[in-house]
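Top to bottom, those sequences are chains A and B.
FYI, our numbering numbers position 37 of the first sequence as 40, with every residue one higher than the one before it.
FYI, our numbering numbers position 262 of the second sequence as 1128, with every residue one higher than the one before it.
Read through the structure below, which is laid out as structure tokens, and then see the notes.
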Amino acid sequence: MIELINIKKTFNAGRPNEFSAINGVSLSIEANKVTVFKGPSGSGKTTLLSIIGCMTRPTSGRIMLADREVTSLPERFLTGIRRKTFGFIFQQFNLIKGITALENVMLPAYPMGEAYYPLKKRALETLDMFNISNKALSKVEWLSGGETQRIAIARALINIPSVIIADEPTAHLDTKLSHEFMDIISMLKGEGKTILIASHDPLVYESDVVDRIINIRDGMVAEWV
Amino acid sequence: MSYIDKHRNLIDFTLSSLLRRKGKNIALILVYTLVVFILSSVMFFTHAIKKEASIILKDAPEMVVQRVVAGRHDLIPIRYIEKIKGIRGIGLPNARLWGYYFDPIAGANYTLIVPDDFQYGQGDIAIGKGISRSRLAYEGDIMPFMAYDGALINLRIRNVLSPESELVSSDLILISENDFRRIFGISKEYATDLTVKVRNQREINTIVRKITEIYPDTRVITKNEILRTYDAVFNWRGGIVIVIMSGAVMAFIVFAWDKASGLSAEEKKEIGILKAIGWETSDVILMKFWEGAVVSVTSFIAGIILAYFHVFFASSSLFEPVLKGWSVLYPEFKLTPFIDPYQVSTLFFLTVVPYTVATIIPSWRAATIDPDSVMR
Ligand SMILES: Nc1ncnc2c1ncn2[C@@H]1O[C@H](COP(=O)(O)OP(=O)(O)OP(=O)(O)O)[C@@H](O)[C@H]1O
Ligand SMILES: [Mg+2]
């Protein structure tokens, strides 16, 4: 379970371009559920997700991960928690070009000090799960949109995180691929993962697999659904 | 061992990362290798040649007495020995016969020496490798010499010298006393110079003074003076190359700095991605460290090995005009392979370390950015 207590985030504090992106968000996110953050552009969805995912620190407020306060931890510990707890799927997928799909999937695990061969085996198994192990040795820039997406998901799963965070995952996908994505989400939910998605795509928030929709407006939670 | 696995994994990624920019990295390694190659060639060469010089001078007498006439080295009367040997603290002075002979066929000067214990008899000679090569003259062949009066003297080659140091022996001819005197027309009463062995090093100055008091027309050259001259000559010659090279090195540093400091937008984005997928700042820096280390250590080792072959097996062919050039007889002379670990590590610290640091620093700045930058 993830708990946010009065989270605020101000960019460029004290400067003329000071901007308050999150204005006091308190939330409790249940484990093993699919939660969608919905809201207009600029409302603070991405900012909130990166705070939850320990990518960036809130200006004030506290985050509890399974009853552990993480906001005040030094960077090294925070990174440690982040990579064990969260798997990220980015809007632009952010795969590293020039290296193979397999290497991309293995990349988040490299600094964890896991032996190469067991890691490679697990990466291949993950690719297999999404029926793209035949593309393991292709360079990522040659892959189709759907393949790229599945590689990005496989990469998010390699460290066996309990929480998957996806920011606008369907923004660059056509309807068919978006449906495929939601099927994968449903499968991951079935495996017990907690899933957080930011999206203003109806195809996402109207999907059956979604348990809860949180509306964000001007950096605040607008209403409960 | 998870620590080792971590490094293995990072190196693995570094290698495939380097392969992505193959052309650029190969060019970089080539330039880098070339710089290390030239620097270490100079280093190996000057060091080895100094060592050769010290081998040559190891058994040399402490002093040489020359007669000077009108400011020039002249033949010395052998009877000078009589008075000099009376000085206390010296061994029996020895009269030496040596000189240069110009061979118009090879276009080269040979050094003719009459050894104290010449193994062969009158009419025989032993020649250096360089002469043997340039004249295609081998054991048993006859070699003609033109005497001072125009007479031709045929001498038989009894041996081709295979010495400790080819530097000295290459143009050397060992000859009997009688043949030497006959070729140059030097009478029995004269020698080229006298050598004097000194028992106590501290008496050298006193003995030099005494000799010049007895024979004011002589000049005494001590071994230390010769050593210093050698040193000066080789340091100077090495110095020229170093100066020329520092230009190349500067170019290399600019090149490396430019490469390292100007992280491309793509590289910065990659660092952001790595951080976003869970790499720590230190992991990114470690990866960049390996990147710099792989490039510089590869080039360093390649440069050193190439230089080693160049200097010790290919006779420093690329530097010949600058570093040698005092005789046409040395085209193939081989130095005894010798590596000074101190010099190699100096070179290592002057090349590998700055390059690796230059790779890390800009990445370090990029690596401290917040990972959320890639989310938008
Ligand atoms: N580093 C930053 N510096 C200044 N302002 C920022 C920064 N990051 C985000 N913002 C601002 O914070 C606000 C919220 O941004 P955020 O990216 O969270 O919105 P979003 O809800 O994800 O929008 P979208 O649906 O368009 O992705 C925006 O107005 C944005 O300009
Ligand atoms: Mg966003």
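Backbone N, C-alpha and C define an ideal beta-carbon position, used for all residues, glycine too.
Because the structure is a prediction, the values reported are computed rather than measured.
Contact with chain B is absent for A/R125, since none of that chain's Cβ atoms lies less than 8 Å from the residue's Cβ. In terms of side-chain proximity, the C-beta atom of A/A201 is found nearer than 7 Å to a non-hydrogen atom of ligand 2. Counted as a single uninterrupted DSSP element, the alpha helix (DSSP H) harbouring B/Y1221 occupies residues 1207-1233. Taking the Cβ atoms as the reference, A/A118 lies roughly 5 Å from B/D871, within the contact range of under 8 Å. Taking a beta-carbon distance threshold of 8 Å, A/D204 does not count as an interface residue toward chain B.
Between B/A992 and B/L963, the C-beta gap is not smaller than 8 Å, which leaves the two residues out of contact. Bridge pairing for B/H939: B/V934 [DSSP]. As computed with DSSP, A/E6 is found in a beta bridge with A/S31, A/M67. Burial is judged here by how many other beta carbons sit within 10 angstroms of a residue's own beta carbon; B/V1150 has at least 16 and is buried. Counting along the chain, B/Y1014 sits inside no beta strand (DSSP E), nor does DSSP assign it H or E at all. Of all residues in the stretch 1149-1163 of chain B, only D1149 place a beta-carbon less than 7 Å from a beta-carbon of chain A.
Among the CB atoms of chain A, one or more fall inside 8 Å of the CB of B/F879. A/N137 carries a helical assignment under DSSP once its states are collapsed to helix, strand and coil. With fewer than 16 neighbouring CB atoms inside 10 Å of its own CB, B/G952 falls in the exposed class. Using a 10 angstroms sphere on the CB of B/W1156, the tally of other CB atoms reaches 16 or more, which defines it as buried. When rounded, the separation of the alpha-carbon atoms in B/E948 and B/N1071 is 20 Å. Between the beta-carbon of A/T197 and that of A/A34 there is about 5 Å, and that keeps the pair under the 8 Å contact cut.
Taking the beta carbon of B/P1237 as reference, the chain A residues within 7 Å of it are M58, listed in sequence order. In this structure, A/T49 has its beta carbon less than 7 Å from a heavy atom of ligand 2. The Cβ atoms of B/A1173 and B/S906 lie closer than 8 Å to each other.
Placement of the Cβ of B/R1242 at a distance of less than 7 Å from at least one heavy atom of ligand 1 is found. Here DSSP, grouped into helix, strand and coil, assigns B/W1145 to coil. At a cut-off of 8 Å between C-beta atoms, B/D871 counts as an interface residue with respect to chain A. For B/S1211, the Cβ stays outside the 7 Å cut-off from all heavy atoms of ligand 1. Relative to ligand 2, the beta carbon of A/E72 is positioned no closer than 7 Å to any heavy atom. The closest heavy atom of ligand 1 lies 7 Å or more from the beta carbon of A/F91.
Classified as exposed, B/L958 has fewer than 16 neighbouring CB atoms from the shown chains inside 10 Å of its CB.
Following the DSSP letters along the chain, one finds A/F80 inside the alpha helix (DSSP H) bounded by residues 78-88. In this structure, ligand 1 has no non-hydrogen atom nearer than 7 Å to the beta-carbon of A/N97.
Look at A/M223 here: in three-state DSSP terms it is strand.
When the alpha-carbon of A/Q152 is set against those of A/L51, A/I188, A/F89, the nearest one is in A/I188. Taking 7 Å as the cut-off, the C-beta of A/N15 counts as close to a heavy atom of ligand 1.
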